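Data block below; observations after.
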Amino acid sequence: MEPAVITVTLNPAIDKTITLPRFEVGGLNRASQVRIDPGGKGINVAKVLKKFGVDVLATGFIAGDQGNLLRNQLIERAIQTDFIHVTGETRTNFKIVDEEDGITTEINEVGFPISDQDITNLKERLRSYLSSNSVIVFAGSLPQGASDQTYYELIQFANQAGAKTILDADKAALREGIKAKPYAIKPNIFELEQLLTRKLDTDQKIVEAGKELIEQGISLIIVSMGSKGAIVLNQKEAYRITPFPITPKSTVGAGDSMVATLVYSLLENKNLEEIAKWVTTAGTITATKPGTEVCSLEEVKQAIHKINVKKLL
1 MEPAVITVTL
11 NPAIDKTITL
21 PRFEVGGLNR
31 ASQVRIDPGG
41 KGINVAKVLK
51 KFGVDVLATG
61 FIAGDQGNLL
71 RNQLIERAIQ
81 TDFIHVTGET
91 RTNFKIVDEE
101 DGITTEINEV
111 GFPISDQDIT
121 NLKERLRSYL
131 SSNSVIVFAG
141 SLPQGASDQT
151 YYELIQFANQ
161 AGAKTILDAD
171 KAALREGIKA
181 KPYAIKPNIF
191 ELEQLLTRKL
201 DTDQKIVEAG
211 KELIEQGISL
221 IIVSMGSKGA
231 IVLNQKEAYR
241 ITPFPITPKS
251 TVGAGDSMVA
261 TLVYSLLENK
271 NLEEIAKWVT
281 TAGTITATKP
291 GTEVCSLEEV
301 KQAIHKINVK
311 KLL
């Protein structure tokens with residue numbers, strides 16, 4: 001059976017989370033806990049969707065022994081995989097968690113290089129999975145050797161198959177990718193300001209910025225703002241969602257949880273107000289988790305009534 005959802009991670013990672021009582025810069029640190037997880041934005045989306053009971057395929061590129069470890073860890077989580085092996089080695093991303101201050105420091109390796117032929121091979125691999133019923137998520141950084149137009153090419157390819165495409169990227173990858181008119185994007189406020197090269201310090205400015213992108217052919221936009229919540233809009237409506245107060249433990253995976261919950265909401269045919277509430281609740285709950293742990297469907301259901309919703313448009 002074809003998966004309902006495909007996540008594409010071009011530059012995945014092994015996430016190594018090192019928890020310390022207190023992080024001493026320039027000093028000797030002894031870990032109280034070490035955790036290793038398969039990582040990368042698209043892979044994190046797949047992990048959340050699996051917890052939500054959604055049939056999902058994780059694909060993209062992997063390399064070397066680290067790549068095999070990543071794939072095997074996903075298989076252990078009962079996530080279907082079909083990665084393309086390339087030369088080099090899958091990167092390791094380090095998350096250093098300071099328990100005393102509640103601060104997470106991230107150190108990300110660069111990762112393996114890819115070629116134009118690798119992108120062609122990925123398109124051929126995707127061809128056998130894509131249909132008009134597919135939802136496909138393109139998320140994360142681009143590997144070495146990938147052009148800024150990589151997401152543009154892949155989104156165009158998926159759009160031609162009738163799939164519903166979602167993009168979560170930043171900088172040039174986002175700027176070029178949106179030209180292919182993905183169905184939805186999820187920039188955070190900093191990424192949106194970078195994209196439009198101006199400060200967006202009010203809800204009205206954010207909505208106006210979103211409208212500009214919708215006029216370019218995007219159907220749905222989620223602008224995440226960390227502890228301040230999110231603004232979610234389409235051509236006709238816009239909602240400002242303020243989350244309930246939490247004690248954050250790690251923001252790693254919060255945005256990916258929002259993307260996964262958007263996918264789930266689309267599959268469930270939820271309206272925009274419901275989507276806004278669901279995605280913000282999911283991101284908020286994941287921010288309360290240590291390391292790279294993510295929210296569950298039951299946790300989202302139990303907490304969604306705590307969310308404050310204001311209609312802006």
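So the sequence shown is residues 1 to 313, counted in our numbering.
Glycine included, C-beta positions come from ideal geometry on N, C-alpha and C.
It should be emphasised that the depicted structure is a prediction, and the values quoted were computed from it without experimental measurement.
Three-way DSSP call (helix, strand, coil) for residue i in this model
{"i": "V300", "result": "helix"}
{"i": "D15", "result": "strand"}
{"i": "A276", "result": "helix"}
{"i": "I241", "result": "strand"}
{"i": "S265", "result": "helix"}
{"i": "I246", "result": "coil"}
{"i": "S257", "result": "helix"}
{"i": "D201", "result": "coil"}
{"i": "Q144", "result": "strand"}
{"i": "V25", "result": "coil"}
{"i": "L130", "result": "coil"}
Run of the beta strand (DSSP E) containing residue i, from where it starts to where it stops
{"i": "G39", "result": "Q33 to G39"}
{"i": "K171", "result": "Where K171 is concerned, there is no enclosing beta strand (DSSP E), although the alpha helix (DSSP H) it sits in stretches over K171 to G177."}
{"i": "L167", "result": "K164 to D168"}
{"i": "I6", "result": "V5 to T9"}
{"i": "I221", "result": "L220 to S224"}
{"i": "I114", "result": "Unbroken run through I114: none, as it is neither H nor E."}
{"i": "V314", "result": "Any question about residue 314 goes unanswered here, given that the chain covers just 1 to 313."}
The ligand SAH heavy atom lying under 7 Å from the CB of residue i
{"i": "A254", "result": "In the structure shown, the ligand SAH is absent, as is every other ligand, since no ligand is present at all."}
Distance between beta carbons of residue j and residue i, contact taken as under 8 Å
{"i": "V8", "j": "L154", "result": "7 Å"}
{"i": "F61", "j": "F94", "result": "Contact doesn't hold; Cβ gap of about 21 Å is too wide."}
{"i": "Y239", "j": "V300", "result": "Not really, about 17 Å apart at Cβ, beyond 8 Å."}
{"i": "L262", "j": "I189", "result": "Actually they are not in contact, since the Cβ atoms of L262 and I189 sit about 17 Å apart, beyond 8 Å."}
{"i": "I314", "j": "P243", "result": "Shown here, the chain extends from 1 to 313; a query on residue 314 therefore has no answer."}
{"i": "P12", "j": "I43", "result": "6 Å"}
{"i": "L272", "j": "E298", "result": "Going by Cβ atoms, the distance from L272 to E298 rounds to 24 Å, so no, they are not a contact pair."}
{"i": "P182", "j": "P143", "result": "No, P182 and P143 are not in contact; Cβ-Cβ is about 20 Å, not under 8 Å."}
{"i": "S257", "j": "T288", "result": "Between T288 and S257 the Cβ distance is about 11 Å, and since that is not below 8 Å, they are no contact."}
{"i": "G377", "j": "A169", "result": "It is not possible to answer for residue 377, since the shown part of the chain is limited to 1 through 313."}
{"i": "T90", "j": "Q66", "result": "4 Å"}
{"i": "S392", "j": "T104", "result": "No answer is possible for residue 392: it lies beyond the span of the chain, which begins at 1 and ends at 313."}
{"i": "A163", "j": "L213", "result": "No, A163 and L213 are not in contact; Cβ-Cβ is about 20 Å, not under 8 Å."}
{"i": "I246", "j": "V232", "result": "I246 to V232, Cβ: 19 Å. No contact."}
Range covered by the alpha helix (DSSP H) that runs through residue i
{"i": "N151", "result": "The sequence shown places Tyr at residue 151, rather than the Asn named in the question. Note, Y151: alpha helix (DSSP H), T150 to Q160."}
{"i": "F190", "result": "I189 to L196"}
{"i": "V309", "result": "Segment N308 to K311 is the beta strand (DSSP E) holding V309; no alpha helix (DSSP H) there."}
{"i": "L233", "result": "From DSSP, L233 is part of no alpha helix (DSSP H) but of the beta strand (DSSP E) over A230 to L233."}
**Study point:** Complete alpha helix (DSSP H) runs within the segment 51-109 (minimum length 4 residues, chain order)
**Key:** Counting only unbroken stretches of 4 or more residues, the alpha helix (DSSP H) elements lying wholly within the segment 51-109 are 64-76, in sequence order.
Check your understanding: Counting Cβ pairs closer than 8 Å, one from the segment 10-21 and one from the segment 92-112, do we hit at least three?
Key -> Yes: at least three Cβ pairs fall under 8 Å.
Practice item. State whether the segment 109-127 contacts the segment 50-66, with contact taken as three or more CB pairs (one from each stretch) at a distance under 8 Å. Key: Yes, since at least three Cβ pairs between the segment 109-127 and the segment 50-66 fall closer than 8 Å, the two stretches touch.
Practice item. May I ask you to verify whether the segment 28-44 touches the segment 63-75, counting CB pairs closer than 8 Å and requiring at least 3? Key: The answer is yes - the segment 63-75 touches the segment 28-44, with three or more Cβ pairs under 8 Å.
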